[in-house]
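Engineer: Dropping a structure here in structure tokens format, bear with me for questions.
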Amino acid sequence: NLETGQEKKLHGRFLHITDMHPDAFYKEGSSVEYSCHSGKPPPHKKNFASKFGDATKGCDAPEELIDYTLEWIKDNLRDKIDFVIWTGDNVRHDNDRKIPRTEMQILEMNDQISRKMQRVFSDPNSDNPRDFDVTLIPSIGNNDVFPHNMFALGPTLQTREYYRIWDNVIPQEQQRTFYRGACFVTEVIPGRLAVLSINTLYLYKANPLVDNCDSKKQPGYQLLAWLGSVLEELRQRDVKVWLSGHVPPIEKNFADSCYDKFTLWTHEYRDIIIGGLYGHMNIDHFIPVDGEASRKAIESEV
Amino acid sequence: EINSSEDDDDEEEILDHAMAASEVHLMGAKPENKESYMNGIRDKVYKKVHQEVEESVANEDMMCGKKRNEHKTFEEICENYSIVTISGSVIPTFNPSIRIWEYNTTDLEADSSTWQKHSWDDFYEKLNKIMDNEYNSEEEDELTIDDEIEIEKKKSNRKKKRKNKADKTIPKKKPAKLALGPAYTPQLFSPTKFVQYYADLKQINEDYYSLLDSGKKPGEAAERSFKYQVEYTSEEGPYPMKSLMVEDFISLASKLATDKKIWQKFLKRAFMSTGYTDD
């Protein structure tokens, strides 16, 4: 740490964790058909909500699954990693019309999960809440906002609230930038390696406030302007960088011009970008995206 | 009247169910059509990447490794691509999962004497000013093509002005003098390996309830039954990856497009060993 002079051992490893979706209304023994919130399935049907949740049945995560997961990470991985890329969706889905989500619930659950994550990875010997043994880089998910998927350019109540929730892990000089766009950069190895937390909701087709990335007023346009400035600055400083965010930058998810422009940035900064890590789809896979094809698409539009 | 009102209720109920079903589908919930989503990606990759790769390999064989003008080498093809890596989740859509990435730190310590911490204050001050002035101003923001043509007519020096106001969200080409980064050639910070962990929920829940049945207290039963385990590593067969650079992913994508056995294994891992299929 070049600021404090403290030495830290680097392990050459980091964790990617995504889409926890804890559900405070999850009730063990209730019916899967009622989102694991209520009801009781007949004894011959095995459709009851288990203690730690059930794969493929469609319910969100019981809070105990999250607590035990974080405890397991603390016991088994925490001391062997350098940083954590944590790509959002820290609340339940809006899948029970009897208990619709509220903005307050969403923010409160995010606050709870953030505090839990900070407790696992902070430096227990320091009084400074900004001291971490393992650096955290959170990003915002489409379920972390209210209404679902919809997120406006800041400053808004929500961007201010997320700054408050992640205050200890967002570099202080980026407060204004975060208020505006809910994205930030963290140098995980100062002067050498950085991680970008990208607010992919500004590029996301399903966000009703996103039409394209061609007009200056569009949130995606402004996000790309931020991305371009940051990447150029990192290049000048010879800092390599991981990209991270919730919604993966693929054609299926992003507005056309946003997809092409974003892909082109990742292509033209291939001297510093190491890769991109995303969540949202719940499936472990990868997709190659073609930067030259995106350039052609943009040029033909122009 | 009664009949008609009942009909209305029925219709409303059907509509409600349809909306609920559509909501559940939209909001994630129980996985549906995930296999067909994956097959769709594979087909797309096959059409695009695999054919390009095959051509380049055949061409290189033919020319004993020498490059022919009209075809790209495998490395050149890879340079056009970047990899979007999408992780499994903790929510039990499938089994909960997390991933540990490993990266090259060789020579990092030797290099540490030259590290410099530059303040970001000036950069963000400038950036905020640009964002405030340029993107919050009303001027020329929402011009239609007709408006622009009109302005074009009126101002003879318009072209020069347009040039100055180029779209800043389109990057310039990477300067040729800049070498390829850690995603393309092995160097400091190149990703080398990952370890995929998962929690086998079926087993964990079974263990938990059987420990309860045997008289253990819930806390102890939970602690003894809950664990993540290694599902696979990137170095494991049947498609071991020697590192995790773009070339490795493109080679794998090409294999997945043609080898059914490998594809089945890849799908099993994609769905976190739950055995999920679309039907």
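Which chain is which? The protein sequence lines are S and C, in order.
All the letters of the first sequence, read from the start, carry residue numbers 33 to 334 under this note's numbering.
All the letters of the second sequence, read from the start, carry residue numbers -6 to 272 under this note's numbering.
Beta carbons: idealized from backbone N, C-alpha and C, even for Gly.
Because the structure is a prediction, the values reported are computed rather than measured.
So with CB distances below 7 Å, who are the chain C contacts of Ser261 (chain S)?
Structural biologist: Leu120
Engineer: Based on the DSSP output, what are the partners of Phe115 (chain S) in its beta bridges?
Structural biologist: Assignment of beta-bridge partners to Phe115 (chain S) by DSSP yields S:Phe46, S:Thr167.
Engineer: Taking the beta carbon of Arg147 (chain S) as the centre, do at least 16 other beta carbons fall within 10 Å, making it buried, or is it exposed?
Structural biologist: Residue environment: Arg147 (chain S) is assigned as exposed (fewer than 16 neighbouring CB atoms within 10 Å of its CB, all protein chains considered).
Engineer: Distance cutoff 7 Å, beta carbons only. Does Thr88 (chain S) sit that close to anything in chain C?
Structural biologist: Closer than 7 Å: yes.
Engineer: Name the residue from S:Ile98, S:Glu219, S:Asn127, S:Asn79 whose alpha carbon lies nearest to the alpha carbon of Phe115 (chain S).
Structural biologist: By alpha-carbon distance to Phe115 (chain S), the top candidate from S:Ile98, S:Glu219, S:Asn127, S:Asn79 is S:Glu219.
Engineer: At a Cβ threshold of 7 Å, is Ile70 (chain C) touching chain S?
Structural biologist: no
Engineer: Does any CB atom of chain C fall closer than 7 Å to the CB of Glu265 (chain S)?
Structural biologist: yes
Engineer: Pick helix, strand or coil for Arg212 (chain S), following the three-state DSSP scheme.
Structural biologist: helix
Engineer: Going by Cα to Cα distance, which pick from C:Leu194, C:Ala51, C:Tyr96, C:Ser29 is closest to Phe187 (chain C)?
Structural biologist: C:Tyr96
Engineer: Can a CB atom of chain C be found closer than 7 Å to the CB of Tyr310 (chain S)?
Structural biologist: So yes, Tyr310 (chain S) belongs to the interface.
Engineer: Leaving out five residues before and five after Arg192 (chain S) in sequence, what residues of the same chain have Cβ atoms less than 7 Å from its Cβ?
Structural biologist: Tyr211
Engineer: Counting contacts by CB-CB distance shorter than 7 Å, is Arg151 (chain S) in contact with chain C?
Structural biologist: no
Engineer: Which residues, in chain order, does the segment 305 to 333 of chain S contribute to contact with chain C at a C-beta distance below 7 Å?
Structural biologist: Ile305, Ile306, Gly307, Gly308, Leu309, Tyr310, Gly311, Met313, Asn314, Ile315, Asp316, His317, Phe318, Ile319, Pro320, Val321, Asp322, Gly323, Glu324, Ile330
Engineer: Anything in the segment 273 to 307 of chain S with a Cβ closer than 8 Å to a Cβ of chain C? List those residues in chain order, please.
Structural biologist: Pro280, Pro281, Ile282, Lys293, Thr295, Leu296, Trp297, Thr298, His299, Glu300, Tyr301, Arg302, Asp303, Ile304, Ile305, Ile306, Gly307
Engineer: For Leu245 (chain C), I'd like the list of residues in its chain whose CB is within less than 7 Å of its CB, leaving aside the five on either flank, ordered along the chain.
Structural biologist: These residues qualify, in order along the chain: Tyr232, Met234.
Engineer: Tell me, please, whether the CB atom of Ala169 (chain C) is closer than 7 Å to any CB atom in chain S?
Structural biologist: no
Engineer: Closer than 8 Å by C-beta to Glu302 (chain S): which residues in its own chain qualify, once you throw out the five before and the five after it? Chain order, please.
Structural biologist: The residue asked about is misnamed: residue 302 (chain S) is Arg in this sequence, not Glu. Result list for Arg302 (chain S): Gly323, in chain order.
Engineer: Does the beta-carbon of Arg267 (chain S), which I'm using as the reference point, lie nearer than 6 Å to any heavy atom of the ligand NAP?
Structural biologist: Because no ligand of any kind appears in the structure shown, any question about the ligand NAP cannot be addressed here.
Engineer: So does the segment 117 to 124 of chain S actually touch the segment 169 to 180 of chain S, counting three or more Cβ pairs closer than 8 Å?
Structural biologist: yes
Engineer: So what does DSSP say about Gln38 (chain S), is it helix, strand or coil?
Structural biologist: coil
Engineer: Let me see if you follow: with CB-CB separation under 7 Å, is Lys254 (chain C) close to chain S or not?
Structural biologist: By this cut-off, Lys254 (chain C) is not an interface position.
Engineer: Please confirm whether Ile84 (chain C) and Asp128 (chain S) have their CB atoms less than 7 Å apart.
Structural biologist: no
Engineer: Whole alpha helix (DSSP H) runs in the segment 167 to 240 of chain S with 4 or more residues, listed along the chain?
Structural biologist: For the segment 167 to 240 of chain S, the continuous alpha helix (DSSP H) assignments of 4+ residues that do not extend past its boundaries occur at 189 to 197, 207 to 213, in sequence order.
Engineer: Any beta-carbon of chain S closer than 7 Å to the one on His95 (chain C)?
Structural biologist: Correcting the residue type first, residue 95 (chain C) is Glu in the shown sequence and not His. Yes - at least one Cβ of chain S is within 7 Å of the one on Glu95 (chain C).
Engineer: Please classify Tyr74 (chain C): does DSSP put it in a helix, a strand, or coil?
Structural biologist: strand
Engineer: Hey, is the segment 270 to 282 of chain S in contact with the segment 230 to 240 of chain S, meaning 3+ C-beta pairs nearer than 8 Å?
Structural biologist: yes
Engineer: What residue does the beta strand (DSSP E) around His299 (chain S) start on, and which one ends it?
Structural biologist: From DSSP, His299 (chain S) is part of no beta strand (DSSP E) but of the alpha helix (DSSP H) over 288 to 300.
Engineer: According to DSSP, Thr226 (chain C) sits in a beta bridge with which residue or residues?
Structural biologist: Note: Thr226 (chain C) sits in a beta bridge opposite C:Val188.
Engineer: Distance, Cα to Cα, Glu135 (chain S) vs Arg151 (chain S)?
Structural biologist: 24 Å
Engineer: To the nearest angstrom, report how far apart His18 (chain C) and Lys89 (chain S) are at their CA atoms.
Structural biologist: Residue placement at His18 (chain C) cannot be trusted, given a pLDDT of 43 that sits under 50; what the coordinates show is reported in the next sentence. The alpha-carbon atoms of His18 (chain C) and Lys89 (chain S) are separated by roughly 13 Å.
Engineer: Label His76 (chain S) either buried or exposed according to how many other C-beta atoms from any shown protein chain fall within 10 Å of its C-beta, with 16 as the threshold for buried.
Structural biologist: exposed
Engineer: Report the start-end ranges of each alpha helix (DSSP H) in the segment 48 to 129 of chain S that is 4 residues or longer and not cut off at the edges.
Structural biologist: 95 to 108
Engineer: Give the residues from the segment 38 to 53 of chain C that approach chain S closer than 8 Å (Cβ to any Cβ), ordered along the chain.
Structural biologist: Val38, Lys41, Val42
Engineer: State buried or exposed for Asp55 (chain S), treating a residue as buried only when at least 16 other CB atoms are found within 10 Å of its CB.
Structural biologist: Classification of Asp55 (chain S): buried, given that the 10 Å Cβ count is 16 or more.
Engineer: May I ask you to report which of helix, strand or coil DSSP gives Asp193 (chain C)?
Structural biologist: If DSSP states are grouped into helix, strand and coil, Asp193 (chain C) belongs with coil.
Engineer: So is Gly186 (chain S) buried or exposed if we call it buried at 16+ other beta carbons inside 10 Å?
Structural biologist: buried
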